[in-house]
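K.L.:
Just so you know, the sequences run in chain order E, R and G.
Per my numbering, the first sequence starts with residue 1, numbered consecutively.
Per my numbering, the second sequence starts with residue 1001, numbered consecutively.
Per my numbering, the third sequence starts with residue 2001, numbered consecutively.
Cβ coordinates follow ideal geometry from the N, Cα and C atoms, glycine included.
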Amino acid sequence: MGNSPVARLTAKLLLWAVAMFAFAVFLMPPLYDAFCELTGLGGKTGGPYRATEAGIDESRTVKVQFIATNNGEMPWDFEPLAYEVRVHPGQPQAARFFARNPTDRNMVAQAIPSITPFQAAQYFHKTECFCFNRQQLAAGADAELPLVFIVDRDLPRSVNTITLSYTLFDVTESTTEPVAKLN
Amino acid sequence: MAHGPAKGIGRWIFTTNHKDIGTLYLWFSFAMFLLGGFFAMVIRAELFEPGMQIVRPEFFNQMTTMHGLVMVFGAIMPAFVGLANWMIPMMIGAPDMALPRMNNLSFWILPFAFAILASTLFMEGGAPNFGWTFYAPLSTTYAPPSVNYFIFGVHIMGASSIMGSINIIATVLNLRAPGMTLMKMPLFVWTWLITAFLLVAVMPVLAGAVTMMLMDVNFGTSFFNAAGGGDPVLFQHVFWFFGHPEVYIIILPAFGVISAIIPAFSRKPLFGYSSMVYATAAIAFLSFIVWAHHMFTVGMPLTGELYFMYATMLIAVPTGVKVFNWISTMFRGAMTFETPMLFAIAFVILFTMGGFTGLMLSIAPSDIQYHDTYFVVAHFHYVMVAGAVFSGTAAVYYWLPKWCGKMYDETMGKLQFWIAFIGFNITFFPQHFLGLAGMPRRYADYALQFADWNMVSSIGAFIYGAAQLLFLFNVIRTIVAGKPVTEPKTWEGAEGLEWTLPTPAPYHTFSTPPEVK
Amino acid sequence: MLSKAKLLFARMLVPLLLLSVAGPVMAEKTRHWGDLNMTRGVTDVSRQIYDLHMIIFWICVVIGVLVFGVMIFSMFVHRKSLGYKAANFHESTTVEIAWTVVPALILIVMAVPATSALLNLYDTTEAEMDVLITGYQWKWQYEYLGEDVSFISELSTPESEIYNTADKNEHYLQQVSQPLVIPVDTKVRFLVTAKDVIHSWWMTEFGVKRDAIPGFVNETWARVEKTGTYRGECTELCGKGHAFMPIVVEVVEKDEFATWLSEKKAEVAAIRELTSKEFSLEELMTTGEAAYNRTCAACHMANGEGIPGVFPAVKGSAIATGPVTDHLSIVINGKTGTAMQAFGAQLSEVDLAAIITYERNAWGNSTGDVVQPIEILNFKQGQ
């Protein structure tokens, strides 16, 4: 067939199929992440946030709740020290979580944050968070894990409760290098 | 060129003849239809009464998964590829498919894919048990070891589908007889051309989805694992980006078949040919932008839910156009009701009912109550079984005399139709009630208030299953002992190049292209 | 010619008549034929959904009657056997445009109530209480945020009913060890998440269905207007126990709820008290058998033999007959990478002690070991 129209069309279609495969594997995940960040879908929150000078909006208070969940067979004790705080938008606020490794082996954990409602996710900024890095605890050790956040002054008025959930995953086995892009 | 087929088994293994390959596809798909049907019988037998009687819940999940996979990828898709192989060259006046050797390959890798898939039933840990939609992390972190074989199988059948579609596109675009312009092509060719483009676009996405699964399961990546920064919901987006066009891939060729049969038995040209072509293209386009309507309960921003709801509702418009066109074709025709026509009419009625429930499902707030219940099961069986399977059966009865030069037994055909039609409705109509009353899908066992309709549904399923055995018998009887027919045109009202050929169709046809006026 | 059409019509009617006779006859025998439609439910949202469902349903019925009416008319009149001659029309742009535009208009009519219902669903006004719902394979955990009350709710239908060795009770597969209790006329916010795979929390009567996704938290809400016991289901395939993790919610008067909550808190304290009590082997075996059947038997089977290749046996296993600490460790901390969860946080010390004692002494695992709740506590704290 050589350079016949059939061969050219076949080559084009094959190329198209390969391109769609590449699209699915290499483009869809980052596109999805970008989309989530934009809309708050999945309650993902942005990475470390640098506070700019902005006043505190004292005209309203927002209730921020904390939830801690252990994934699967993760045996650590993991809980927020206070389950709820009320903050003014724009005001930096600290919170702490307690974690204890009750087992007899050293373990590494990764906390995955999630925020609900969606429309709040992009207005919830963390300046400091234990979830930016993996947490290591020796057998029997415990720690207080810090978190500092600011609720954006632009938070829509319809939102008055924000729930921040951390799910703790056991990543001891897969820890070979720090996972940088975790937020 | 005038030589006939080779002798013996070699004819089938090495064949590059479109009719042989079409035959192979059709028999393969029927075998898979029986296998998937057997799984369905196990499911319905277990659900006959509350309580676990026949299988254990973990095996029940393997049955629902395998039933879905085998029916979608093994039975329905290859059946229409088989029809395409047989009919497209004969409909456009081509001597064969454009890529005959690839055609052989794309068929022969399929049995391997399904042998691998079926063998997982006997493996330790059992067959895939995570549903045909295989949502992560049930299909990754929590999957049985056989998941790797499942992924391998999906890759092979994906490759087969992609090759098959490239072949169809190349044939339709390059090998049409002189004068056979695009807008003169039979609708079956049109719907297949559009389907083939859909397949080339989305089968690689499915391959991508299972590749990411493979990486997550075996190589420690975290595409779908929240612990590593991935997201299980991403899987659902990737899957349905493939999965929604996939359901149109299944139904569009069926539209083509119905658009050939209804005019033939109404003795009247198809109403609104060009609007049928545009409607098909519109459905194909919409199929790419509605995928998240399968995920209304996953948690989406309000704007997302609204968008996917509106876009999904829009599909009703081109689909409605098609149904109205078929009915206008029948209107003031001179109808007769041979078996193919009976199946085609049942298709129009039952598919439209599936369309109505589809419209109900598109309404996001109501979908909260319908999602993942038997209402959805009823909906997609109305479009998949009464849609794709009925039209496939209609196609076999319609073209069987042309293929083998023998006439099937009309009484037996009609009997099969009525058993299938009644059995189908007894099986799936009560499932609407079950879903609305609150029975979730993929349940191995259920609460007592669902008992009665489940029993009815199971009885219907056995009746419907029996109809398929009658179908098999009727086809074999026709081939072995059917009344010979030689008229080029089996059906009085049939139109198209395939009916200008001698009956049975010779091994090689249109070696010199016909002139189309 | 017409009489022939009538004859055909009569023939078509026969199966319909048969069905209409058979229907009521079968109906008399049972009582469940009534559940044909969606429930109206007991919340504002569920009623809105129901109304929407009925509007769309009736629109579809009307369209269906018109479309199929034309088709069936034509099937009976435009037959070759009646000598009808086919017309030859096959195109009309006007008609095509009409049946594109009219359905589009109908869709717009449908979209209006659908949009308003959706807006209501996404209401984010402040809730009066929050409940965290966590899906596990195959049970639910409910946590009253800020109240320090949290419990597991799992199927309480005995194996014997599922495997047909006992008669099924009225609430077969829709009963749980401990229902979720919420007050009536109160906006309750449900936060939904999962520990392992995706589940979905569906309470039909509330019009609430939300996927529970590991690593992510979802929210939804309900304000229930009527007290009563409501039963729901998990609606996302989550493995072999998918059909066996029902949801039961008891909606009670507000003061009743307050009483219940304080009793619940007292109960939590009482269980802590019990932890220091010394139990006999018999007591632990009895409690242990019940707790084992509730929590462990789904995988390891009531006879302790597990499912070969999928779930290991406890009967005669190295762990259940070997050192006690290994046994404690696997039950309390789970086993990474398997379906064996860390039960330390899910079950009370008493139940854990009873289960471990039971496993070490049942089915011929006659180690004679007695594990006391206090040992569990010490293990949890000291390991």
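Could you check the C-alpha separation between residue 1005(R) and residue 1507(R) for me, to the nearest Å?
P.N.:
Going by the C-alpha atoms only, they are around 7 Å apart.
K.L.:
On the three-pair Cβ rule with 8 Å, is the stretch 2262-2277 of chain G touching the stretch 2195-2213 of chain G?
P.N.:
These segments do not touch.
K.L.:
Looking at the secondary structure, which residues open and close the beta strand (DSSP E) in which residue 1068(R) lies?
P.N.:
Note, residue 1068(R): premise wrong, no beta strand (DSSP E); alpha helix (DSSP H) at 1057-1069.
K.L.:
Nearest to residue 2197(G) by alpha carbon, out of 72(E), 65(E), 133(E), 169(E)?
P.N.:
If we check each option's Cα against that of residue 2197(G), 72(E) comes out closest.
K.L.:
Assuming residue 138(E) and residue 106(E) form a contact by the criterion Cβ under 8 Å, report the distance between their Cβ atoms to the nearest whole angstrom.
P.N.:
Indeed, because the Cβ distance is near 5 Å, the residues count as touching under 8 Å.
K.L.:
Could you name the residues of the stretch 1160-1189 of chain R whose beta carbon sits closer than 7 Å to any beta carbon of chain E, in the order they occur along the chain?
P.N.:
So the list reads 1162, 1166, 1169, 1170, 1173, 1174, given in the order they occur along the chain.
K.L.:
Closer than 7 Å, Cβ to any Cβ of chain E: which residues of the stretch 1211-1229 of chain R, in chain order?
P.N.:
Those residues of the stretch 1211-1229 of chain R that come within reach of chain E (Cβ to Cβ, closer than 7 Å) are 1211, 1212, 1220, 1223, 1226, 1227, 1228, 1229.
K.L.:
Does DSSP put residue 2055(G) in a helix, a strand or coil?
P.N.:
The answer is helix: DSSP assigns residue 2055(G) an H, G or I state.
K.L.:
Using a beta-carbon distance below 7 Å, is residue 64(E) in contact with chain G?
P.N.:
No - not a single Cβ of chain G is within 7 Å of the one on residue 64(E).
K.L.:
Does the CB of residue 2001(G) have a neighbour CB from chain R at under 7 Å?
P.N.:
Reliability of the predicted coordinates at residue 2001(G) is poor, the pLDDT of 42 falling under 50, and the value obtained from them is presented with this limitation in mind. Judged by the 7 Å Cβ criterion, residue 2001(G) is not in contact with chain R.
K.L.:
Would you call the CB atoms of residue 1344(R) and residue 1261(R) closer than 7 Å?
P.N.:
Against a cut-off of 7 Å, the Cβ pair of residue 1261(R) and residue 1344(R) comes out as a contact.
K.L.:
Could you give the distance in angstroms between the alpha-carbon of residue 146(E) and the alpha-carbon of residue 77(E)?
P.N.:
Residue 146(E) and residue 77(E): Cα-Cα distance of roughly 16 Å.
K.L.:
Is residue 1454(R) helix, strand or coil when you go by DSSP?
P.N.:
Three-state DSSP puts residue 1454(R) in a helix.
K.L.:
Alpha carbons only, please: which of 1115(R), 1164(R), 1413(R) is nearest the one belonging to residue 1200(R)?
P.N.:
Considering only alpha carbons, the answer is 1164(R).
K.L.:
Near residue 1015(R), which residues of its chain fall below 7 Å by C-beta distance, leaving aside the five closest residues on each side in sequence?
P.N.:
So the qualifying residues of the chain are 1021, 1104.
K.L.:
How would you label residue 2349(G), buried or exposed, when you count the other beta carbons within 10 angstroms and need 16 or more for buried?
P.N.:
So residue 2349(G) counts as buried.
K.L.:
Beta-carbon separation of residue 1270(R) and residue 1329(R) under 7 Å?
P.N.:
The answer is yes: Cβ separation under 7 Å.
K.L.:
So, do the stretch 2275-2286 of chain G and the stretch 2174-2184 of chain G have three or more beta carbon pairs nearer to each other than 8 Å?
P.N.:
No contact exists between the stretch 2275-2286 of chain G and the stretch 2174-2184 of chain G.
K.L.:
How is residue 96(E) classed by DSSP in three states: helix, strand or coil?
P.N.:
Correct three-state label for residue 96(E): strand.
K.L.:
Rounded to a whole number of angstroms, what is the C-alpha to C-alpha distance between residue 1256(R) and residue 1191(R)?
P.N.:
So the alpha carbons of these two residues sit roughly 6 Å apart.
K.L.:
Do you know offhand how far residue 1485(R)'s Cα is from residue 1491(R)'s?
P.N.:
Spanning the two alpha carbons is a distance of roughly 11 Å.
K.L.:
To the nearest angstrom, report how far apart residue 1446(R) and residue 2209(G) are at their CA atoms.
P.N.:
The straight-line gap from Cα to Cα measures roughly 19 Å.
K.L.:
Mind checking if residue 1545(R) is an interface residue toward chain E, Cβ cutoff 7 Å exclusive?
P.N.:
No answer is possible for residue 1545(R): the residues shown for chain R start at 1001 and end at 1517.
K.L.:
I'd like to know if residue 2239(G) contacts chain E, where contact means its C-beta is closer than 7 Å to some C-beta of that chain.
P.N.:
Residue 2239(G) does not count as touching chain E.
K.L.:
Along the stretch 2223-2238 of chain G, where does the CB come closer than 9 Å to a CB of chain R? Name the residues.
P.N.:
Answer in chain order: 2231, 2232, 2233, 2234, 2235, 2236, 2237, 2238.
K.L.:
Alpha carbon to alpha carbon, how far is residue 2026(G) from residue 1516(R)?
P.N.:
For residue 2026(G), the predicted structure reports a pLDDT of 47, less than 50, and the residue's modelled location is therefore unreliable. The matter cannot be settled from this model.
K.L.:
Would you report the Cα separation of residue 1029(R) and residue 1476(R), rounded to the nearest angstrom?
P.N.:
Near 15 Å, if we compare the C-alpha coordinates of residue 1476(R) and residue 1029(R).
K.L.:
Out of 2087(G), 2233(G), 2326(G), point me to the one whose CA is closest to residue 1370(R)'s CA.
P.N.:
Measuring from the Cα of residue 1370(R), the nearest candidate turns out to be 2233(G).
K.L.:
List, in order along the chain, the chain A residues whose C-beta lies closer than 8 Å to that of residue 59(E)?
P.N.:
No chain A is present in this structure, whose protein chains are E, R and G.
K.L.:
In terms of DSSP beta bridges, what is residue 2234(G) paired with?
P.N.:
Residue 2234(G) is bridged to 2201(G).
K.L.:
Could one say the Cβ of residue 2334(G) lies closer than 7 Å to chain E's Cβ atoms, at least one of them?
P.N.:
So, interface residue.
K.L.:
Output, in chain order, the set of chain G residues within a Cβ distance shorter than 9 Å of residue 71(E).
P.N.:
Result: 2194, 2195, 2196, 2214, 2215.
K.L.:
When the Cα atoms are used, what is the spatial distance from residue 123(E) to residue 117(E)?
P.N.:
If I take the Cα positions, the gap works out to 11 Å.
K.L.:
Is any beta-carbon of chain G found at less than 7 Å from that of residue 1331(R)?
P.N.:
Closer than 7 Å: yes.
K.L.:
Under three-state DSSP, which class holds residue 2029(G)?
P.N.:
Confidence is the limiting factor: at residue 2029(G) the pLDDT is only 43, short of 50, which leaves the residue's position unreliable and the question unanswerable from this model.
K.L.:
Taking C-beta pairs closer than 9 Å, name the residues in chain R that residue 107(E) reaches, listed in chain order.
P.N.:
Near residue 107(E) there are no residues of chain R at all, since even the closest Cβ is about 13 Å away, more than 9 Å.
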